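Structure record follows, encoded as structure tokens.
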Amino acid sequence: MLTFLLAGLALVVTLHTYRNLAQLSFRPYKTTPAYAGHPVSYHITIDNPGTRQRHAIELQVGNQAPVVVNLPAQGAASAELWLPTHRRGKIPYCVTTVASRFPLGLFTAWSYVKLEASCLVYPKPSGASGQRLPPPLPHKEGRHTALSQGNDDFLGFRNYHPGDSSRHRHWRAVARGQPLTTKQFS
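The structure is reproduced here in structure tokens:
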């Protein structure tokens with residue numbers, strides 16, 4: 001008798017676990033670009049067209065910690081997922097694992113969802129992370145100093161600093177295997 005009761009309970013729990021994920025729809029609505037090595041943010045909306053509430057829906061990208069969402073009946077909820085990046089370029093989509101262990105946690109129903117939302121990953125900035133751009137040059141006689149300093153007379157070379165104009169970089173030195181330097185003019 002106990003065997004049949006437990007078998008029946010297992011079947012009912014399996015059905016409810018599966019029904020917790022049935023007919024849900026997922027749509028991305030916002031992505032946030034990032035630098036290579038930093039995670040990209042995906043904002044998604046989960047729609048529940050059914051008349052039952054959906055409890056403990058887990059959303060997970062890769063090995064990241066899952067995001068748990070509860071959905072009201074005939075309602076929607078939003079979630080933010082973080083996708084780790086390793087290379088620069090365009091990420092055309094995000095594969096998300098959707099899972100549920102509701103109601104008793106005995107079984108797991110899961111599925112993969114391919115979110116069609118492209119996101120850009122910019123090249124990793126050179127130098128220390130979080131490095132700021134150099135401060136603007138001071139104004140001189142109502143004009144910006146960079147405008148008043150033309151390409152008049154060559155003064156020499158100095159070490160390259162991030163933010164230096166690409167026109168003033170000494171590319172021939174780089175071609176010879178020397179460190180990158182910047183040309184200075186009066």
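1 is the number of the first residue of the sequence shown in my numbering; add one for each residue after it.
For each residue, glycine too, the CB sits at the ideal point set by N, CA and C.
In this text the structure is predicted, and so the values were computed from the model without any measurement.
Starting from the C-beta of residue i, find all residues in its chain whose C-beta is less than 6 Å away, skip the five residues before and the five after it, and write them out in chain order.
i: Arg101; result: Thr108
i: Leu133; result: For Leu133, the predicted structure reports a pLDDT of 46, less than 50, and the residue's modelled location is therefore unreliable. The matter cannot be settled from this model.
i: Glu58; result: Pro66, Val68 and Ala99
What is the DSSP secondary structure of residue i, counted as helix, strand or coil?
i: Val98; result: strand
i: Phe107; result: coil
i: Thr85; result: coil
i: Gln131; result: Low per-residue confidence applies at Gln131: pLDDT is 48, beneath 50, and the placement is therefore not dependable enough to give any value.
i: Leu147; result: Below a pLDDT of 50, predicted positions are generally treated as unreliable, and Leu147, at 48, falls in that range; no measurement from the model is reported.
i: His43; result: strand
i: Ser186; result: coil
i: Ala76; result: strand
i: His38; result: coil
i: Ala56; result: strand
Could you check whether residue j and residue i sit closer than 8 Å to each other, using their CB atoms as the reference points?
i: Ser41; j: Thr32; result: yes
i: Pro28; j: His16; result: no
i: Val98; j: Trp82; result: no
i: Asn48; j: Leu21; result: no
i: Val13; j: Pro103; result: yes
Leaving out five residues before and five after residue i in sequence, what residues of the same chain have Cβ atoms less than 8 Å from its Cβ?
i: Arg172; result: none
i: Arg52; result: Arg19 and Ala73
i: Tyr122; result: Pro33, Ala34, Tyr35, Ala36 and Arg88
i: Tyr112; result: Val95, Thr96, Thr97 and Val98
i: Lys90; result: Ser118, Cys119, Leu120 and Val121
i: Gln184; result: Phe154, Leu155, Gly156, Phe157, Arg158 and His168
Under 8 Å by Cβ, that's how I've got residue i and residue j pegged, so tell me the actual separation to the nearest angstrom.
i: Pro84; j: Gly62; result: 6 Å
i: Val68; j: Ala76; result: Their Cβ separation, rounded to whole angstroms, is 16 Å, which puts Val68 and Ala76 out of contact at 8 Å.
i: Thr181; j: Arg158; result: 7 Å
If you drop the 5 nearest sequence neighbours on each side, which residues of the same chain put their C-beta closer than 7 Å to that of residue i?
i: Gln178; result: none
i: Ala175; result: none
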